[in-house]
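If you use UniProt numbering, the sequence shown corresponds to residues 1 to 188, in order.
Cβ atoms here follow ideal geometry from the backbone N, Cα and C, with glycine treated the same way.
Before any comments, here is the structure.
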Amino acid sequence: CQADAASCGCCLMHQQIDRMKRSFNQSLAELQNELNKAMDTLNQFRATRSAFSVSLFTDNTQTCYGPFRDDTLVVYKHIFLNMGDNYDVSSGVFTVPRTGVYSLALTVYSDAGAPGNTLAACASLQVNGHLLAGPREFYMQDQEDSATTSIVVKLRQGEMVSVNLPIGCFLCDNKNHYNTFSGFLLYT
């Protein structure tokens, strides 16, 4: 700034503009930092999303699974969705990717072939081999039956969720996907 009165006002304006620039740049840097943190959190959440939905068979003709002499894990072969790849189609086990609250659903359907034949539409939803819920339908008066269970439960990372077919039970399915097993993370 020069020594005359006009340049003094100009000098003050330059100083004020410089202060405003520094303040603006600092605010912009803080906002950028907050945005980066929010994006990191969102990306971590997206990376750990987990949802699956599977059905027993996809054959055009109806095929039955069971009954067996021993309890048997049900391996669902048709995958509608396997977000996070936590459902293993070779073992039938969903491995919990992160601790949180999950929604799980299981629908079972069976066809005795004719009224009066033994009908046992049943399965057990289990966590680490322990019973969680088990839809069952035993009825001799009709040919077909189904049952559904839907629960919300807290699961820990690494726990294994599966469906067990108890002794004497059997499931029948085709391309209509009557037997389904689904789950998804609600929140952590």
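Q.
Relative to the C-alpha of Val74, which candidate in Gln26, Leu125, Asn36 and Val152 has its C-alpha closest?
A. Leu125
**Q.** Top-ranked residue by Cα proximity to Ser103, from Asn128, Thr188 and Asp40
**A.** Thr188
Q) What is the DSSP secondary structure of Gln126, reduced to helix, strand or coil? A) strand
(Q) In the DSSP output, which residue or residues are listed as bridge partners for Asn82? (A) Phe52
(Q) Bridge partners for Lys37 per DSSP, in chain order? (A) Beta-bridge pairing links Lys37 to no other residue.
Q | Inter-stretch contact (C-beta, 8 Å, three-pair minimum) for the stretch 66-83 and the stretch 168-181 | A | yes
Q. Near Ala147, which residues of its chain fall below 7 Å by C-beta distance, leaving aside the five closest residues on each side in sequence?
A. Val108, Ala121, Pro135, Arg136 and Glu137
Q | Environment of Asn36 [buried if 16+ CB atoms lie within 10 Å] | A | exposed
Q. So what's Phe57 in DSSP terms, helix, strand or just coil?
A. coil
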